[in-house]
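Read the structure below first, then the notes.
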Amino acid sequence: MSLLPSKSFFVSAALSFLAASLIAALWYAGVLDSLQKVFVLKSGTGDVGAIAPSIITSLLLIFASSLIVGMTVGRIGARRAMPLIAGTLIVLCALSLVASRVMGIDTLFAPVAVAMLVSFATVQVWCLWNVDRELTKNIYGSAARNSALEGAEARARLAGGLKLLETVLALDEAVLFECDAGGALSPAARLRADEGAGVTSEAMRNTAWRAGIKMCEEAIKSREMIALPAPREVKNVSNSGDASQAQTLALPLMHEGRAAGALLMRLREGFEDGDRALLAAVGSQLARDLQRDDARKRMTQAREFPALISIRKAKQRLRSFGVVSGLLTEQSFAPRVLAESSTAYAIVYLDGTMAYLNGQMLKFANVSAEMAGKLDLFELLDSFRTGVFDKPSIAVRRVLQTGEAYERELYFAERNTTFKLRIALASEDKNADSKTPAQPLCLAVTVEDVSREKENDKIRSDMVSLMSHELRTPITSINGFAEILAMDESLPADAREFLTIICNESQRLSRMVNTFLAVTKLEQGDRQEVLKTTLSLDDVVRDTITNYQSTAKKKRIRLIEKTDAKLPPVIGDRGMITQCVSNLVDNAIRYSPERTTVTVAAELEAEAVRISVEDRGYGVPSESIDKVWEKFYRVAGGGREKDEESTGLGLSFVREVVEQHGGQVALESEFGRGSKFSFTLPRL
160 MSLLPSKSFF
170 VSAALSFLAA
180 SLIAALWYAG
190 VLDSLQKVFV
200 LKSGTGDVGA
210 IAPSIITSLL
220 LIFASSLIVG
230 MTVGRIGARR
240 AMPLIAGTLI
250 VLCALSLVAS
260 RVMGIDTLFA
270 PVAVAMLVSF
280 ATVQVWCLWN
290 VDRELTKNIY
300 GSAARNSALE
310 GAEARARLAG
320 GLKLLETVLA
330 LDEAVLFECD
340 AGGALSPAAR
350 LRADEGAGVT
360 SEAMRNTAWR
370 AGIKMCEEAI
380 KSREMIALPA
390 PREVKNVSNS
400 GDASQAQTLA
410 LPLMHEGRAA
420 GALLMRLREG
430 FEDGDRALLA
440 AVGSQLARDL
450 QRDDARKRMT
460 QAREFPALIS
470 IRKAKQRLRS
480 FGVVSGLLTE
490 QSFAPRVLAE
500 SSTAYAIVYL
510 DGTMAYLNGQ
520 MLKFANVSAE
530 MAGKLDLFEL
540 LDSFRTGVFD
550 KPSIAVRRVL
560 QTGEAYEREL
570 YFAERNTTFK
580 LRIALASEDK
590 NADSKTPAQP
600 LCLAVTVEDV
610 SREKENDKIR
620 SDMVSLMSHE
630 LRTPITSING
640 FAEILAMDES
650 LPADAREFLT
660 IICNESQRLS
670 RMVNTFLAVT
680 KLEQGDRQEV
690 LKTTLSLDDV
700 VRDTITNYQS
710 TAKKKRIRLI
720 EKTDAKLPPV
730 IGDRGMITQC
740 VSNLVDNAIR
750 YSPERTTVTV
760 AAELEAEAVR
770 ISVEDRGYGV
780 PSESIDKVWE
790 KFYRVAGGGR
800 EKDEESTGLG
810 LSFVREVVEQ
820 HGGQVALESE
830 FGRGSKFSFT
840 LPRL
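When we follow our numbering, the leftmost residue of the sequence shown carries the number 160, and every step to the right adds one.
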């Protein structure tokens, strides 16, 4: 394999040609004569010298050998080309000696060999230069890329680190120094607990400042923290704490064996050994911040010199590598955080091997830490096989093909536990202007124990069912006895009017209870009562119109059926879909004035069947169109401030059912001229 791109093949030929030109010039000038005589033996004919080829032949030998070697190195690399070139040189050397001794011919071995070696070295240096440039580019790119955990800018992070130390240590003052290009210390951030604290005179301030810098330089040199009692003049002005315990600390800020700066702290109270670990950790973070900021500033000023010939460039690349190392250190924080989570996490490479499993995942999957290193994705998912999740490969394939997350609740009867499993494809952040799809990175598997939530949902569901049953019984009794009493013709007219009101209100209350119960069951995800079968929506429309004909006639409203001749069937719960259509028709009749029409239509639209209910009623104001599907939202109509008869749950029920069946709801309305409510269901 070539170390160079294919387009660089001609570059290696050009470099070989230049090397050959240099050697040819040296040979022609006689610089190589002494070296050439070493490989020429006198013939047996006497003192007659060996015959040299013509100038043109000599130049062809030099240029041909140089080009062959240069292009060979560029094509297959120096390591593989070296044995071939060495063997060729040995053979040519032997031929030169034999030819000069036996036939008296000078084969020009010396200039040819020198041309080959110079060509070899030139092309190899150029190859190394290219590799060096690519390596530097990659290191700079990684160093310049912001880490996911990086957060604020470097200067803000330095100030934040000092504030964090202030919560633990009794700081009077903290100064953060950074090392400049010459190794001198310059202040980068400062924190003072009390602006009135510290030395008072300018001379005292300068003395304390110089002493502090000297402590920091000694700490950097020894690479250890230095703690000394605070100067007397500083102790006397401390506002709080025991002056005899005041200390000055100098902490070197080290990362990857390099000093990025130092931290000088003046404490009102003594420093405890128990704080050393925290101080060391914060110091390491501050060192990474300083080094990252310094490296990124230098990268903007860097020139294109290879590290092979520029010590400054090599040092800059070393700084950039320190930034990359710091980013890798910070990225390792994420697994530590996931290890503390109560949710189980697994990160899986796209080759199916495990990148990370936290302790909770090992617990849920019943896998030991020793076995974790040998698991792959499918062996992990096999630990969660149940009746609804018996083929993990199908779930993984769907995630990889569609990019959509796979979610399922898994119930394990033997453990009386319910897990919520989620398999998702993590992708890189995509630029909004980019037209290329986001590059997938890895698979993320999360498992959450939702047993307690399920128990709470069951308790709530049981309570709702109990309350609705207990409410239905008295409501039914009230309505029944009121109807019986209203049949007594001997009652006064006002009493019969009151009984009629009682009947109507009890019936409305019964509808409210039924609707509330249905919506609650849908919210709780209670799917046991949902029976999806093949059904024809034109039959649903026809049955609904038949049921509401009498209600529409009482209000002098005409119901119109409009369905396509051949509608494909859909899959759904007939009772729920019928209730959805009934809710829409009931609303249309209720909100329409007398002597108008309500049209119920069923029509085919591409891959879905749409049911629509259109009225000529009051319409929905534009500001309410997006809110009508919300629970308990009621639209005023006909000049009323609010609809007292509406529960605000009918349309919410429609949306819940339709979305559960994979469809969508829609509303078109013009205030004062009517509305068109509709929903779609996927066709078979």
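Every residue gets a Cβ at the ideal spot worked out from N, C-alpha and C, and that includes glycine.
The structure presented is a predicted model; accordingly, all values stated were derived computationally and were not measured.
The closest CA to that of Ala603, considering only Ile618, Leu690, Met513 and Ser624, is found on Met513. Buried is the label assigned to Arg814, since at least 16 other Cβ atoms lie within 10 Å of its Cβ.
In terms of Cβ geometry, Tyr750 and Asp774 form a close pair [threshold 8 Å]. Here Leu220 carries a helix assignment [DSSP, helix/strand/coil]. Judged by DSSP in its simplified three-state form, Ser255 adopts helix. About 6 Å separates the Cβ atoms of Lys714 and Ile748, confirming a contact at the 8 Å cut-off.
In the structure shown, Ala421 adopts extended strand secondary structure according to DSSP, grouped into three states.
Between Thr693 and Leu600, the beta carbon gap of about 42 Å keeps them out of contact (Cβ cut-off 8 Å).
Met384 sits in coil when the DSSP states are folded into three classes, being neither helix nor strand. Asn742 is positioned such that its CB atom lies closer than 8 Å to that of Leu810. Going by beta carbons, Ser837 and Ser771 fall inside the 8 Å limit.
In the three-state reduction of the DSSP assignment, Ala503 falls in the strand class. Membership of Ala585 in any alpha helix (DSSP H) is not indicated; the residue belongs instead to the beta strand (DSSP E) covering Thr576 to Ser586. Contact check for Val228 and Met275: beta-carbon distance about 5 Å, within the 8 Å limit, so the pair qualifies. With 16 or more other Cβ atoms from the protein chains shown falling within 10 Å of its own Cβ, Gly442 counts as buried. In this structure, Val232 sits near Ala240, with a CB-CB distance shorter than 8 Å.
A straight-line Cα-Cα distance of about 49 Å links Ala641 and Asn575. Gln519 sits in a helix when the DSSP states are folded into three classes. Cβ atoms of Ser501 and Gln519 come within 8 Å of each other, at about 6 Å. In the structure shown, the three-state DSSP call for Met374 is helix. Sixteen is the threshold: when 16 or more other Cβ atoms of the shown chains lie within 10 Å of the Cβ of Gln195, as they do, the residue is buried. The continuous stretches of beta strand (DSSP E) do not include Lys196, which lies in the alpha helix (DSSP H) extending over residues Asp192 to Val197.
Looking at the backbone, the Cα of Ala554 and that of Tyr565 are separated by about 7 Å.
The DSSP-derived three-state label of Ala240 is helix.
Between the segment 181 to 197 and the segment 252 to 271 there are three or more C-beta pairs closer than 8 Å, enough to call the two in contact. If you draw a 10 Å sphere on the C-beta of Ala439, you find fewer than 16 other C-beta atoms in it, and that means exposed.
DSSP, reduced to helix, strand and coil, places Lys691 within a strand of the structure shown.
Thr710: member of the alpha helix (DSSP H) spanning Leu696 to Lys713, first to last residue. If you look at Ile553, you'll find it in the alpha helix (DSSP H) that goes Pro551 to Thr561. Around the beta carbon of Arg382, fewer than 16 other beta carbons sit within 10 angstroms, so the residue counts as exposed.
The bridge partners DSSP lists for His414 are Arg417. About 5 Å separates the beta carbon of Asp535 from that of Gly511, a gap short enough to meet the 8 Å contact definition. A contact is defined here as three or more CB-CB pairs under 8 Å, and the segment 187 to 194 fails this definition with respect to the segment 284 to 296. In the three-state reduction of the DSSP assignment, Tyr187 falls in the helix class. Setting aside the 5 residues that flank it on each side, Leu410 is surrounded in the same chain by Met384, Leu422 and Gly442, each with a C-beta closer than 6 Å to its C-beta; the list follows chain order.
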